[in-house]
Amino acid sequence: MTLALYNTLTRRVEPFTPLAAPPARVTLYTCGPTVWNYAHIGNFRTFLFEDLLRRYLAYSGYDVFHIMNLTDVDDRTIKAAAAAGKRLDEHTAPFVQAFFEDRDYLRIAPAHVYPRATQSVPAMVRLVERLLERGIAYKGDDGSIYFAIAKFPTYGRLSRLETRELKVGARVASDEYAKDDPRDFALWKKAEPIDEQVGAAWDAPFGRGRPGWHLECSAMSLEQIGKCCHAETLDIHAGGVDLIFPHHEDEIAQSEAATSKPFARFWVHGEFLNVRGTKMSKRFGNFLTARDLRDQGVDAAAVRLLFWQTHYRKALDFTDDALAAAGAGVKRLGEFYERLGRDGGRGTGDGDGGGAGGGGGRLADLAAKFEADFRAALDDDLNAPRACAALFEFVHNGNAALDGGAGGTAAARAVLDRAMSVLDILPSAKAADPALERWIGERLAARDKARKSKDFKEADRVRAELAAKGVEIEDTPSGTKWRLV
RNA sequence: GGCGCCGUAGCCAAGUGGUAAGGCAGAGGUCUGCAAAACCUCUAUUCGUCGGUUCGAUUCCGACCGGCGCCUCCA
Numbered sequence: 010m011t012l013a014l015y016n017t018l019t020r021r022v023e024p025f026t027p028l029a030a031p032p033a034r035v036t037l038y039t040c041g042p043t044v045w046n047y048a049h050i051g052n053f054r055t056f057l058f059e060d061l062l063r064r065y066l067a068y069s070g071y072d073v074f075h076i077m078n079l080t081d082v083d084d085r086t087i088k089a090a091a092a093a094g095k096r097l098d099e100h101t102a103p104f105v106q107a108f109f110e111d112r113d114y115l116r117i118a119p120a121h122v123y124p125r126a127t128q129s130v131p132a133m134v135r136l137v138e139r140l141l142e143r144g145i146a147y148k149g150d151d152g153s154i155y156f157a158i159a160k161f162p163t164y165g166r167l168s169r170l171e172t173r174e175l176k177v178g179a180r181v182a183s184d185e186y187a188k189d190d191p192r193d194f195a196l197w198k199k200a201e202p203i204d205e206q207v208g209a210a211w212d213a214p215f216g217r218g219r220p221g222w223h224l225e226c227s228a229m230s231l232e233q234i235g236k237c238c239h240a241e242t243l244d245i246h247a248g249g250v251d252l253i254f255p256h257h258e259d260e261i262a263q264s265e266a267a268t269s270k271p272f273a274r275f276w277v278h279g280e281f282l283n284v285r286g287t288k289m290s291k292r293f294g295n296f297l298t299a300r301d302l303r304d305q306g307v308d309a310a311a312v313r314l315l316f317w318q319t320h321y322r323k324a325l326d327f328t329d330d331a332l333a334a335a336g337a338g339v340k341r342l343g344e345f346y347e348r349l350g351r352d353g354g355r356g357t358g359d360g361d362g363g364g365a366g367g368g369g370g371r372l373a374d375l376a377a378k379f380e381a382d383f384r385a386a387l388d389d390d391l392n393a394p395r396a397c398a399a400l401f402e403f404v405h406n407g408n409a410a411l412d413g414g415a416g417g418t419a420a421a422r423a424v425l426d427r428a429m430s431v432l433d434i435l436p437s438a439k440a441a442d443p444a445l446e447r448w449i450g451e452r453l454a455a456r457d458k459a460r461k462s463k464d465f466k467e468a469d470r471v472r473a474e475l476a477a478k479g480v481e482i483e484d485t486p487s488g489t490k491w492r493l494v
């Protein structure tokens, strides 16, 4: 079995066959955040889907080179900086920082490089020059540089909007008359006063200005894969569905017109996160940021599981109920994982279990089945919901096997660890400070004493006291366990 | 108007031309001093509606109803 992915270019699920077998290098470019503000969890749904893709490629043995850009100059960043009376980099710096914090909170594996638009201007200027030399770009009447769609016959191949017409009543851009063809898009925008004001203008042979939105991704991805792999074609380019048009369509046009090579072999797009049926968006004000969740004490593992339980190409409605349900699932998974470690002191793979459910190695067998199902599911266009179903089936059957005294826990735990390298949904450990821990120890001892003398009233009172502080307890044959909730 | 997606149990959500995964919630039971956790059992004759193709459709086709997305700078 090998990985197959839905390729937006062909609208089909196709086997993912890189130029060489694992451990071959795979180049993955994902469109990152525009750092004009905090990213919301809708944005992060896409980044999490890309995290799943990247981790599963690694799990499958590939040497992934993951590039994620940071858009730190565009209309919104400039407007926001001007509104705040700041320079562009002054305005974006905290949001870049916040993005990395949110990324870490959500356990998203860091990309290998985070090229920034403002730091890649030379590469962008070179790309524009190449297009000018080839006669595909031209200077408009307003002094901006445009890409001539007419010179790129396959324009529209990705989005299939080649025959599009402007929607009735759609607004007409102010630069409409500066372009040869209304469909042409800006590569380089002539510097305006507001750009100068915030420091978002650069000199170029074709005029002082700033990059158009699409240009950065073409320039930076080509620059990065040139450096790392001497290539001009990406293995995979990913993003949200809303980027298909015009962003990715335009990236293809710019890149391929310049290199005459396919820009990316696979285009994969993640669906939206919705709120009550409508896409989460800053514009609609129906958004929630990652830090909102973090501040509410939401375990990132629950967010991840919630997202994994819906296929990445299907819209997902975000609700508190769904998040809570995922939280319960995460907790159960954590219990099982802990139990494997605890009961696994003796299990080595061929077990000692003599109970009803378990012969030797029963858990190892279950783990092997789980791993096969897990892979088959993710190989099938990253069917994470199915992978999660396999996981919980394993939890269920594994618990039953443990109840029956089965062995093989070390093997089972190893399999689970491998799966977690992809899903990463074990509950976050909540650390207690030493003082609290000491107090818990005292209380537990008191309760134990009460229980031994059959003073259950007192024992229950202590349990309630602990619960009031968020300490949940569980009596087990090997003593009372506690955890913070 | 153009292109496209979605509609499966109380909630969330996989799925296949051959008879409905998984999660959460709920009910009963085992275990426990009681709990908790775990386990066992149960919870969709049915997959928006109506037609069609087929031996057979939730799965293919058509129409309709409902929800949503993109159509120039939104992940």
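494 is the number that my numbering gives the last residue of the first sequence; the numbers go up by one with no jumps.
Cβ coordinates follow ideal geometry from the N, Cα and C atoms, glycine included.
In this text the structure is predicted, and so the values were computed from the model without any measurement.
- How big is the Cα-Cα spacing for A409 and R322? 34 angstroms
- Range of the contiguous beta strand (DSSP E) that encloses V277: 273-279
- If you pair each beta-carbon of the region 85-95 with each one of the region 38-47, do three or more pairs fall below 8 angstroms? yes
- Please go through the region 13-47 and give each complete beta strand (DSSP E) segment of 3 or more residues, from N-terminal end onward. Runs of the beta strand (DSSP E) lying entirely within the region 13-47, each at least 3 residues long, are 13-16, 21-24, 34-39 in chain order.
- Using the C-alpha atoms, what's the distance from L37 back to A240? Approximately 12 angstroms between the Cα atoms of the pair.
- From which residue to which residue does the beta strand (DSSP E) around E481 run? 480-485
- Message: Can you find the residues in the same chain that come closer than 8 angstroms, C-beta to C-beta, to A89, ignoring five residues on each side of it along the sequence?
- Response: W45, N46, H100
- Message: Which residue marks the beginning of the beta strand (DSSP E) containing P394, and which one marks its end?
- Response: No beta strand (DSSP E) contains P394, which is instead part of the alpha helix (DSSP H) from 393-412.
- Under 8 angstroms between the Cβ atoms of T242 and A262? no
- Message: I'd like to check one pair, E451 with A459: are the Cβ atoms closer than 8 angstroms?
- Response: no
- Can you tell me the Cα-Cα spacing of Q318 and I145, whole angstroms? 45 angstroms
- Message: Rounded to whole angstroms, what is the Cα-Cα separation between R20 and L14?
- Response: 10 angstroms
- Query: Helix, strand or coil: how does DSSP classify L453 here?
  - Reply: helix
- Determine the direct distance from the alpha carbon of F379 to that of D72, and round the result to whole angstroms. Rounded to the nearest whole angstrom, the C-alpha separation of D72 and F379 is 24 angstroms.
- Task: Answer yes if the region 191-211 comes into contact with the region 92-110, meaning at least three C-beta pairs across the two stretches below 8 angstroms, and no otherwise.
- Result: yes
- Task: Can you tell me which of the three DSSP states N295 falls into?
- Result: coil
- Task: May I have a chain-ordered list of the alpha helix (DSSP H) segments no shorter than 4 residues that lie completely inside the region 123-176?
- Result: 130-142
- Using the C-alpha atoms, what's the distance from A118 back to V312? 15 angstroms
- Task: With G208 as the anchor, note down where its beta strand (DSSP E) starts and where it stops.
- Result: It is not in any beta strand (DSSP E) - G208 carries neither H nor E in the DSSP assignment.
- Item | Where the beta strand (DSSP E) through G249 begins and ends | 243-249
- Task: Would you mind sorting K188 into buried or exposed? The rule is 16 or more other CB atoms within 10 Å of its CB.
- Result: buried
- Enclosing beta strand (DSSP E) for I582 [first to last residue]: Limits of the chain in this structure are 10 at one end and 494 at the other, which puts residue 582 out of reach.
- Query: Do you know offhand how far E280's Cα is from H256's?
  - Reply: 16 angstroms
- Query: Would you say the beta carbon of V44 comes nearer than 7 angstroms to a heavy atom of the ligand NAP?
  - Reply: As presented, the structure is devoid of all ligands, the ligand NAP included, so that no description of it is given.
- Message: Using C-beta distances below 8 angstroms, list every residue in its chain close to L445, excluding the 5 sequence neighbours before and after it, in chain order.
- Response: K478
- With a 10 Å radius around its C-beta and 16 neighbouring C-beta atoms as the bar for buried, classify R292 as buried or exposed. Exposed.
- Message: Helix, strand or coil for H223? Go by DSSP, reduced to three states.
- Response: helix
- Per-residue DSSP class, three states only, for D464: coil
- Verify whether the separation of the beta carbon atoms of E225 and M77 is less than 8 angstroms. no
- Span separating the alpha-carbon of I434 from that of D150: 54 angstroms
- Is it right to say P131 is buried, meaning 16 or more other beta carbons lie within 10 angstroms of its own, or is it exposed? exposed
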